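In the UniProt record's numbering, the protein residues as written are 1 to 942.
What follows is the structure in structure tokens.
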């Protein structure tokens, strides 16, 4: 029962611990005032309120005047350093917030907080209640018994229970011997003498043998040599120390436990003070629903009471961070799957197919997989499809087969028109869920086969479900997941389709076994994954964002974008000439020709001939990658020339030569958008990767100019302005950053003005460039070393810039520390819309691993939230275009930019819709702003 426990907090222990946790990098507000202790104290207090739900809570404070121990011994605690002024200044604020919360502060002048704690614990025991002391002070361990225990902080900033057995394990003595134990060893921190040269091991051994301090001195004749001498000479100090260390459990004249009752705390009152002290993250944590906490509760903590937070989903709070992803949980819990090939069969009769489709419609869901004559669903023909309605039973319906004369006992395939007709009936059901793995391929294959133009049925893609549950997993292929989730070795595609052949060349029996297995496994994935999505609070994100996005991405890929090949052919020729010029310049400087593309020959030139300093080493010698060459560029002209040469050759090989070959017969290029390609939720693209086209130089613009609108149409670009910084401002609620965005100020210029101490109108281009690099760099955990390389400035100066930045934007610093602490406690971080990323290395003993995990913990909520916003915007824009019955289409999504193609007469309407829909995706503290341009080519924009 929680109402029979009294919690007693050692206030100064937690205050000091919180202050010194940030001593190397203090948290300060916009006025420069240190607020580390306030922040750390109430972050820790929050975990206690949430995890233990105390009904009785007292906070023990130290005396304002010297105590009776100082009167006994003027040197008591005399060796302690003076309390830092900036720590001392925070104590009244902490007391003010505790009082506002409704938590009782207990102080008795002339007595220490330890005496107050002892008195309250005694009072609780007398009232037949338990007492829990929140402290790590060893002096308080003398109080522990069957009714009194302790909570000690651990490295994850949570709390661990500490009882009599733990005292014995740590110190070698039980709690009832702790007073004598401490009297022997003394305490240098408090200047308590103890017995000279008696340490913890010796003291524990003596007490084990003689039982008490009195017992030891009653048997001094049993001691030998130096030990006897130490004990005898230290007797006076030992008994004096015992008087100093013994806790006075009658310090309080009156102790009424009802004074410490706290069934309802005033979180809103505390939040107001947090906001005053520029600690918005604590304000929204303690009282997110309060009107004055200017934030959207849907995107933050879901309850106004810390006691309720721990009930939010699996492992959402507490001292045990998640160390296994939900997907790995499924794998470890799965009993495995034994394939039964007898339950896989083919269907070639139309009537039997009709009955199967009827059964699927009646059931309301079916696993579906299709086979095609090629790997490009926009061009390949349908070879067949499979359906599974229950586990370990599936059917394959072939529409293309090897001729009967080339295989034995092969039936006639299902007539294509019958297959398409039945598939159309299946895909047009409003109340049906079609379950697929890598469903975008199947969707496009159905579109190519003419099964539908639009489908009202629900889609469940098991590949995307698995990705949401374990976004850092390297492979989400059906074969890989089947191996880990179902313990099944699947039939590999290469084992049934020989090189140079297509699926319709596969003998009938093999085709049935392979194709039906895919549908069966997909259905089993569904049965495993659906409950996990719901358990971990990811189903809403899956159902309302990722699944509606799948058909939209499929349609965008089908539409493609027109490429004018002549533009690239001309640019390719120019690049070829530039490459030759660069080659000659490099050879002239080096003094001979060599293969610039060969790492081995380049190593020879740079490190043997030119004797440049070597960097990191690889298996084949010293590295010549870009990062190494960028450093060496300040040493010699050749590394800079090689970097330029590489950039030119990459442009030519990757874009100007390769892109024209990817255009279809209509001149349109169809990139593939990958939903599962990043752990943060951002989309990636391939074949071709249009997101990697350079954006900051003329060469990139030349390439983008080749992507054009068709005749009579315009391309329209809608690009979110500084979306990640906007999200950082919203999440951190930093006063200066929020103000810059709310006022529509150039945030990089504003940062430069604050960092360099000049009015914004006097910010020079170089100042703004430095500020911009820092603004974006901090989100990725940029170190002083990396910043110094990026800006080509001394590391000390880079470190000063970062330090000044965090003083300028103190709310950002606090927010980032809060994110890291939360990740250490939970084992994951979340985006605004609830996307999770698991960060197991955050508690690693390996400092490099931990530092990398901390960078991920900081960046993921920002970049992931940007991804969620952009995806939501895509759906809103698509719905608006359809609602207005416009011909305009979404073609591309590149980072934070959407590109549409619209008839010239619709251009202005579409631009208005884009702004309206994209800027209203979510309600943030600062406005989302979109830059919109239109033109005939992609290169016309920004």
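Glycine is no exception: its CB is placed at the ideal position from the N, C-alpha and C atoms.
Keep in mind the model is a prediction, meaning the values are calculated, not measured.
Cut-off 7 Å between Cβ atoms - residues of its own chain near residue i, not counting five sequence neighbours on either side
| i | result |
| --- | --- |
| residue 785 | 795 |
| residue 259 | 104 |
| residue 929 | 721 and 919 |
| residue 110 | 63, 65, 67 and 68 |
| residue 727 | 862, 865 and 866 |
| residue 330 | 485, 528 and 532 |
| residue 481 | 466 and 525 |
| residue 294 | Note that residue 294 scores a pLDDT of 44, beneath 50, so its modelled location is shaky and nothing firm can be said. |
| residue 126 | none |
| residue 855 | 780 and 781 |
| residue 121 | 8, 131, 133, 143 and 148 |
| residue 87 | 19 and 37 |
| residue 217 | 235 |
Residue j beta carbon less than 9 Å from that of residue i
| i | j | result |
| --- | --- | --- |
| residue 124 | residue 57 | no |
| residue 941 | residue 708 | no |
| residue 238 | residue 183 | yes |
| residue 749 | residue 763 | yes |
| residue 9 | residue 135 | yes |
| residue 956 | residue 360 | Limits of the chain in this structure are 1 at one end and 942 at the other, which puts residue 956 out of reach. |
| residue 346 | residue 516 | yes |
| residue 1010 | residue 496 | Since the first and last residues shown for the chain are 1 and 942, residue 1010 lies out of range. |
| residue 270 | residue 100 | yes |
| residue 148 | residue 167 | no |
| residue 911 | residue 718 | yes |
| residue 279 | residue 38 | yes |
| residue 192 | residue 199 | no |
| residue 560 | residue 671 | yes |
| residue 889 | residue 901 | yes |
| residue 836 | residue 468 | yes |
| residue 807 | residue 40 | no |
| residue 840 | residue 827 | yes |
| residue 459 | residue 556 | no |
Close-in-space but distant-in-sequence residues of the same chain around residue i (CB under 8 Å, 5 per side omitted)
| i | result |
| --- | --- |
| residue 470 | 325, 326, 327, 328 and 838 |
| residue 660 | 563, 565, 568 and 569 |
| residue 313 | Confidence is the limiting factor: at residue 313 the pLDDT is only 40, short of 50, which leaves the residue's position unreliable, though a coordinate-based value still follows. Once the five neighbours on either side are set aside, the close Cβ partners of residue 313 are 535, 536 and 537. |
| residue 774 | 751, 755, 782, 787, 801, 802 and 805 |
| residue 915 | 718, 930 and 932 |
| residue 645 | 579, 582, 583, 586 and 596 |
Where residue i falls, given that 16 or more other Cβ within 10 Å makes a residue buried
| i | result |
| --- | --- |
| residue 641 | buried |
| residue 197 | exposed |
| residue 228 | exposed |
| residue 492 | exposed |
| residue 285 | buried |
| residue 299 | Per-residue confidence for residue 299 stands at a pLDDT of 32, beneath the threshold of 50, marking its modelled position as unreliable; the derived number appears in the next sentence. By the neighbour-count rule (16 or more Cβ atoms within 10 Å), residue 299 is buried. |
| residue 4 | exposed |
| residue 587 | exposed |
| residue 475 | exposed |
| residue 142 | buried |
| residue 608 | exposed |
| residue 205 | exposed |
| residue 308 | Any reading at residue 308 must be qualified, since the residue scores a pLDDT of 44, below 50, and its modelled position is unreliable; the value itself is stated next. When all chains shown are included, residue 308 counts as exposed. |
| residue 626 | exposed |
| residue 618 | exposed |
Anticipated Cβ contact below 8 Å, residue i with residue j, distance rounded
| i | j | result |
| --- | --- | --- |
| residue 639 | residue 647 | Not really, about 13 Å apart at Cβ, beyond 8 Å. |
| residue 369 | residue 522 | 6 Å |
| residue 164 | residue 153 | With 8 Å as the limit, residue 164 and residue 153 do not qualify as a contact, their Cβ atoms being about 19 Å apart. |
| residue 545 | residue 872 | 6 Å |
| residue 249 | residue 212 | Wrong, their Cβ atoms sit about 19 Å apart, outside the cutoff. |
| residue 845 | residue 820 | Residue 845 to residue 820, Cβ: 16 Å. No contact. |
| residue 252 | residue 59 | About 14 Å separates the two Cβ atoms, so there is no contact after all. |
Chain-order list of residues whose beta-carbon lies under 6 Å from that of residue i (same chain, five-residue window excluded)
| i | result |
| --- | --- |
| residue 675 | 464 |
| residue 306 | Per-residue confidence for residue 306 stands at a pLDDT of 47, beneath the threshold of 50, marking its modelled position as unreliable; no derived number is given. |
| residue 343 | 392 and 393 |
Would you mind listing the beta strand (DSSP E) stretches within the segment 681-706 that are 3+ residues and don't spill past its ends, in chain order? 684-686
Segments assigned beta strand (DSSP E), at least 3 residues, entirely inside the segment 555-623: 561-563
Curious, which full-length alpha helix (DSSP H) runs of at least 4 residues does the segment 481-536 contain? 493-496 and 508-535
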